[in-house]
Amino acid sequence: MEPVKQGKNLFKGAFILTAAALFTKLLSAGYRIPFQNIAGDIGFYIYQQVYPFYGVAMALATTGFPVVLSKLYAEEKKRGLQLLAASYLLLQLFGLLCFGILYAGSDFIARWMGDPGLAILMRTVSVIFLLFPAISVMRGYFQGKGDMIPTASSQIGEQSIRVVTILAIALLFTRQGFSLYYVGAGAMFGSVTGGIVSLIILLLFLRHRKQERRDWNPRDFFMPGFKEMKRIAGILGPQGLAICISSLLMVFIQLGDALNLYSLLVIKGIAAMEAKELKGVFDRGQPIIQLGLTAASTISLSLVPLIASIRLKKNKQFLIHKIRLAMRVTAVIGAGAAVGLWAIARPTNIMLFENGHGTDVLAILSGGILFSSIAMTASSILQGRGVLFPPAVAILAAFPLKYALNLILVPRYGTIGAAWATATTLLLVAVAVGLILRKNINGKVFDRPFLKKLLIAAVSMVIFLKLFLFGTEFLYELGSMRLASSVQAVSSCFFGAFLYLFIIVRGGVFKEDELALFPFGSKLAYFLPHDRSRKI
1 MEPVKQGKNL FKGAFILTAA ALFTKLLSAG YRIPFQNIAG DIGFYIYQQV YPFYGVAMAL
61 ATTGFPVVLS KLYAEEKKRG LQLLAASYLL LQLFGLLCFG ILYAGSDFIA RWMGDPGLAI
121 LMRTVSVIFL LFPAISVMRG YFQGKGDMIP TASSQIGEQS IRVVTILAIA LLFTRQGFSL
181 YYVGAGAMFG SVTGGIVSLI ILLLFLRHRK QERRDWNPRD FFMPGFKEMK RIAGILGPQG
241 LAICISSLLM VFIQLGDALN LYSLLVIKGI AAMEAKELKG VFDRGQPIIQ LGLTAASTIS
301 LSLVPLIASI RLKKNKQFLI HKIRLAMRVT AVIGAGAAVG LWAIARPTNI MLFENGHGTD
361 VLAILSGGIL FSSIAMTASS ILQGRGVLFP PAVAILAAFP LKYALNLILV PRYGTIGAAW
421 ATATTLLLVA VAVGLILRKN INGKVFDRPF LKKLLIAAVS MVIFLKLFLF GTEFLYELGS
481 MRLASSVQAV SSCFFGAFLY LFIIVRGGVF KEDELALFPF GSKLAYFLPH DRSRKI
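Quick note on UniProt numbering: the sequence shown kicks off at 1 and runs consecutively.
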């Protein structure tokens, strides 16, 4: 394949996967808000307790093994079927092991969480580990051929069916008066229906494409030898798990809370039902952080395929510029989202979740948007440069750190302590991954003038938003609290974002060609200082 054509295919494929990832992330974060409205805070607590285990399976089938498999298949096409057969066998054994541990150990894990009723949800979610091996192998095969459409289609189909299943079952079961644990188990069944649909979509692509039918001739499959299995396992296991771990930062945070936050609240002397409700209120922050993280990382991550390309590795100065640009974009959007949410936490909470319970917790958790987005973007850049294990270790450390900080802070401060534990953990992980990136590029990631301009923009926005909220308090006297909060939250978000970006752009943080990365970038360019308005 010609280099130019190969480069075009790389960026086209990266764009398709980025678009699919954006859609699925927004869908995955967004559905939890109506689910909480349907099931209430206790129903949301029940669902969120088991969600991290689904998150692990999702990462294995999406960002972990398919990426490594695609690389191996592209390099070893002559032995492609042997590679796929060995990979499927290894992953299926791993999937069976995970299924067995979760299914057989469901009662033990539920008791560890302090709530035996969660066992039925654990058994339901365990089934997804039987499906991910086949999904991973087929996605890796298609990606290895440079065809991203089947992977993107399967991701979109999977999440769409999953969300429809979750909301439909939640609505049906709550109306029928079922136990909230059955509502949660029904919602978890959405992961199974989504996985099945994803598998069907991939199989349909295999069946209806002539080239795929030739590539997947059953007569060409054969059992690989032990030596070959060992070789593939030595590549697939460490690299696949490292990439998977690097995408699981927020899942590790949620897992730490799932395993000990509720039980620590009960030990603190809070009644069981109240503790469940408090945990459900605390979990309101997760979809909001996920939405903010998606917004902050999507634009910057679109630069990662460019950073990873061979062509750029020959131009070190240009490469370092693009890395710093990706990190600046992440910091600008992440800081804006974090500080903005902190300022308007109360109306946002009421608008999305019907009341203001846990607003102080949500305000503290808002800092996690900035820290997690920096950590995830830096980790993705390092992956693009072939540095897999150091960022994975830093992100994996988030789980024991969060778990330990909960043990220290929750008995004294309750869910406020858990929120500080989350923010502190994400800050430390962001610093660790940032230092790894700094060492890798042999220079600063952010310079002092940039940080100064970012601080000025953030403080200015906070002052404006607080004054705006004060000036619109009269809205609560005119109608319902939720409607007034919605007007406040949406309008302050719009005006605050405009002011924030105006100060950022006017301060010369980005050049005109760099603003093209942002939505309405050509319009933002009008606010550039005169001497920066031209492309450099």
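Here a beta-carbon is modelled for each residue, glycine too, at the ideal position from N, C-alpha and C.
Where residue i falls, given that 16 or more other Cβ within 10 Å makes a residue buried
| i | result |
| --- | --- |
| Y141 | buried |
| V226 | Contrary to the premise, residue 226 reads as Phe rather than Val in this sequence. Classification for F226: exposed. |
| Y271 | With the sequence shown as reference, residue 271 is identified as Ala, and Tyr is not the correct amino acid for it. Result: exposed. |
| N440 | buried |
| D115 | buried |
| I149 | exposed |
| I310 | The predicted position of I310 is uncertain, since its pLDDT is 49 and thus under 50; a value taken from the coordinates is nonetheless stated next. Label assigned to I310: exposed. |
| A104 | exposed |
| G290 | Per the sequence shown, the amino acid found at residue 290 is Gln instead of Gly. Buried. |
| Q176 | exposed |
| S372 | buried |
| A516 | exposed |
| V459 | exposed |
| A392 | buried |
| K276 | buried |
| Y54 | buried |
| Y262 | buried |
| L352 | buried |
Option in the options with minimal Cα separation from residue i
| i | options | result |
| --- | --- | --- |
| V56 | S247, N260, S87, L515 | S247 |
| L265 | G256, K279, L370 | K279 |
| Q159 | A134, D41, V192 | V192 |
| L405 | V393, G507, W420 | W420 |
| V183 | V137, L130, D147, I120 | I120 |
| R139 | L206, S486, V361 | L206 |
| T165 | I201, G190, V127 | G190 |
| I135 | I33, R123, G157 | G157 |
| G336 | R412, E274, L465 | L465 |
| V387 | I416, R438, G340, S366 | R438 |
| Y51 | E75, P238, L255, F178 | L255 |
| E514 | F108, M351, M327, A343 | M327 |
| D360 | Y413, I128, L454 | Y413 |
| I503 | A152, P529, L365 | P529 |
| H99 | A497, P411, F129 | The identity of residue 99 in the sequence shown is Phe, whereas the question assumes His. Here the closest residue by C-alpha is F129. |
DSSP state of residue i mapped onto helix, strand, coil
| i | result |
| --- | --- |
| P529 | coil |
| M148 | coil |
| R448 | helix |
| P116 | helix |
| E512 | helix |
| I161 | helix |
| K505 | Correcting the residue identity first, residue 505 is Val in this sequence and not Lys. In the structure shown, V505 sits in a helix (DSSP, three-state: H, G or I). |
| A296 | helix |
| L388 | coil |
| I408 | helix |
| M237 | Contrary to the premise, residue 237 reads as Gly rather than Met in this sequence. DSSP places G237 in helix when its eight states are reduced to three. |
| G177 | coil |
| I245 | helix |
| V127 | coil |
| I310 | Its pLDDT being 49, under 50, I310 is placed unreliably in this model, and the coordinates cannot settle the point. |
| G105 | coil |
Where the alpha helix (DSSP H) through residue i begins and ends
| i | result |
| --- | --- |
| G190 | 180-208 |
| residue 540 | With the chain represented from 1 up to 536, any question about residue 540 goes unanswered, as that position is not in the structure. |
| residue 552 | Examination of residue 552 is not possible in this model, given that the chain is present from 1 through 536 alone. |
| H321 | 316-343 |
| L370 | 367-384 |
| E75 | 65-75 |
| L475 | That residue, L475, is in no alpha helix (DSSP H); it is neither H nor E in DSSP. |
| N355 | Careful: N355 lies outside any alpha helix (DSSP H) and carries neither H nor E. |
| N440 | 415-441 |
| A272 | 272-282 |
Supposed close pair residue i, residue j - CB separation, criterion 8 angstroms
| i | j | result |
| --- | --- | --- |
| A20 | Q143 | The pair is not a contact, with the Cβ atoms about 12 angstroms apart (cut-off 8 angstroms). |
| I395 | S379 | 6 angstroms |
| A398 | L249 | 6 angstroms |
| F35 | A170 | 6 angstroms |
| F132 | L60 | 5 angstroms |
| F197 | I161 | First, the amino acid is wrong: residue 197 is Val here, not Phe. The Cβ separation is near 4 angstroms, so the contact holds. |
| I369 | L469 | Incorrect: roughly 19 angstroms between the Cβ atoms, too far for contact. |
| P347 | I33 | That belief does not hold up - the Cβ atoms of P347 and I33 are roughly 15 angstroms apart, past 8 angstroms. |
| F252 | K402 | 7 angstroms |
| A430 | A363 | The pair is not a contact, with the Cβ atoms about 19 angstroms apart (cut-off 8 angstroms). |
| V163 | L72 | Going by Cβ atoms, the distance from V163 to L72 rounds to 32 angstroms, so no, they are not a contact pair. |
| L382 | I436 | 6 angstroms |
| V68 | Q239 | 5 angstroms |
Distance cut-off 7 angstroms: residue i Cβ against heavy atoms of the ligand GDP
| i | result |
| --- | --- |
| M327 | The ligand GDP is absent from the structure shown, which contains no ligands of any kind. |
Residue-chain proximity (residue i, chain C), Cβ-Cβ < 8 angstroms
| i | result |
| --- | --- |
| R284 | No chain C is part of this structure, which consists of one protein chain only. |
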